[in-house]
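Input: a single structure, listed below in structure tokens.
Residue numbers (full-length UniProt numbering): 1 to 330.
In structure tokens:
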């Protein structure tokens, strides 16, 4: 027997007037699974790659979800460049931008308050053959196998860094006044290897090319600011004694900061002082005195330095300075 009374009908009536939407707090937790609090991550390492298709699908769910996704874009954009295993599978290992890194070009870059570019070499991965050939073609003397592999892996990263910087030079979504932050990550075997080495694997000669094309990004978009966070220890190459006179004069052409400073009394002080202001304007453009810090592997009549970042605390004031140590003298 079916009860057709109005009271019974009210019980089985669909409650369409109830609010069935998820609260913003729950939506935020779901979005955090794909866009973490540290920001969206793009990398040629598949283990660090964000799932942009899922994020795009979420943004089409509702206006509320789309609003939450856009708020997540107010976090930094993290771009990690590493030497991937796929690099060895390419026949030419050219400067063609990796498709995973190219995903950054499809993002609304003008929405991100900061773009972090991290260079994270993996010392465990065997480098590609072309990188070895590049090192041999440069005529460098034979070094230990660990350093040789690291240099070859860095060359693979240089190609990807230059390709990404070139793509961003004319990217319509990169707003003027964007903030770029460059970092070096040694957690993938570099820091551990440096503990057992007299010289760190980080060499200025291979760090500088990673930044080469980014100077033109800054030039293309006036007002772009940047921050460079170098490894705590960087080694120079062997610098010939014949270069000291030119190095002693070159900073005065590079920056007005040196005009009021006394003349350095020794090569170590000169390296320290030059390093403090070396990043004033991306090495004063592509024609700056970079080659003085490249040097060569020729140990005859040459010296080598390790530049270390040190923290100095004076009461509440905290500042960081670079100190140089002359570790090889010939």
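Think of the CB as a built atom: it goes at the ideal place given N, C-alpha and C, for glycine as much as any other residue. This structure is a prediction, so every number in the text was calculated from the model and none was measured.
CA-CA distance, residue 189 to residue 201, rounds to 10 Å.
Taken in chain order, the whole beta strand (DSSP E) runs of length 3 or more contained in the segment 146-221 are 179-184.
Excluding five sequence positions before and after residue 103, the CB atoms of its chain that fall closer than 7 Å to its own CB belong to 42, 52, given in chain order.
In this structure, the alpha-carbon of residue 35 lies about 8 Å from that of residue 50.
Between the alpha carbons of residue 235 and residue 195 lies a gap of roughly 14 Å. Contact between residue 306 and residue 233 holds: CB atoms are separated by about 6 Å, below the 8 Å threshold. In the DSSP assignment, residue 307 falls within the unbroken beta strand (DSSP E) covering 302-314. Residue state for residue 100 is assigned as helix, using DSSP reduced to three classes. Around the beta carbon of residue 128, 16 or more other beta carbons lie within 10 angstroms, which makes this residue buried. In this chain, the beta strand (DSSP E) harbouring residue 227 covers 225-229. Within the segment 14-55, the alpha helix (DSSP H) runs of at least 4 residues that lie entirely inside it are, in chain order, 24-32. Judged by their CB atoms, residue 218 and residue 226 are nearer to each other than the 9 Å cut-off.
Closest option to residue 160, judged by alpha-carbon separation, among 120, 193, 316, 55: 120. The continuous alpha helix (DSSP H) containing residue 69 extends over residues 63-72. The Cβ atoms of residue 77 and residue 109 sit closer than 9 Å to each other.
When the beta-carbon positions are compared, residue 112 and residue 193 stay at least 9 Å from each other. Residue pairing from DSSP places residue 77 in a beta bridge opposite 40, 115.
In the structure shown, the three-state DSSP call for residue 239 is strand. Short of 8 Å from the beta carbon of residue 174, and not among the five residues preceding or following it, lie these beta carbons of its own chain, in chain order: 109, 110, 168, 217, 221. Within the model, the alpha-carbon separation for residue 29 versus residue 38 is close to 14 Å.
For the pair residue 212 and residue 158, the CB atoms are nearer than the 9 Å cut-off. Between residue 79 and residue 97, the C-beta gap is not smaller than 9 Å, which leaves the two residues out of contact. With 16 or more other Cβ atoms inside 10 Å of its own Cβ, residue 151 counts as buried. Taking residue 40 as the centre and dropping the five residues before and after it, the same chain places the C-beta of 50, 77 closer than 6 Å to its C-beta, in chain order.
Residue 81 is a Cβ neighbour of residue 210, given a cutoff of 9 Å. Beta-bridge pairing by DSSP links residue 323 to 308.
According to DSSP, residue 317 shares a beta bridge with 314. The beta-bridge partner set that DSSP reports for residue 233 consists of 308. Of the residues assessed, residue 45 falls on the buried side of the cut-off, its CB having 16 or more other CB atoms within 10 angstroms. Excluding five sequence positions before and after residue 268, the CB atoms of its chain that fall closer than 6 Å to its own CB belong to 324, 326, given in chain order. With distances taken between CA atoms, residue 166 lies nearest to 105 out of 274, 105, 304.
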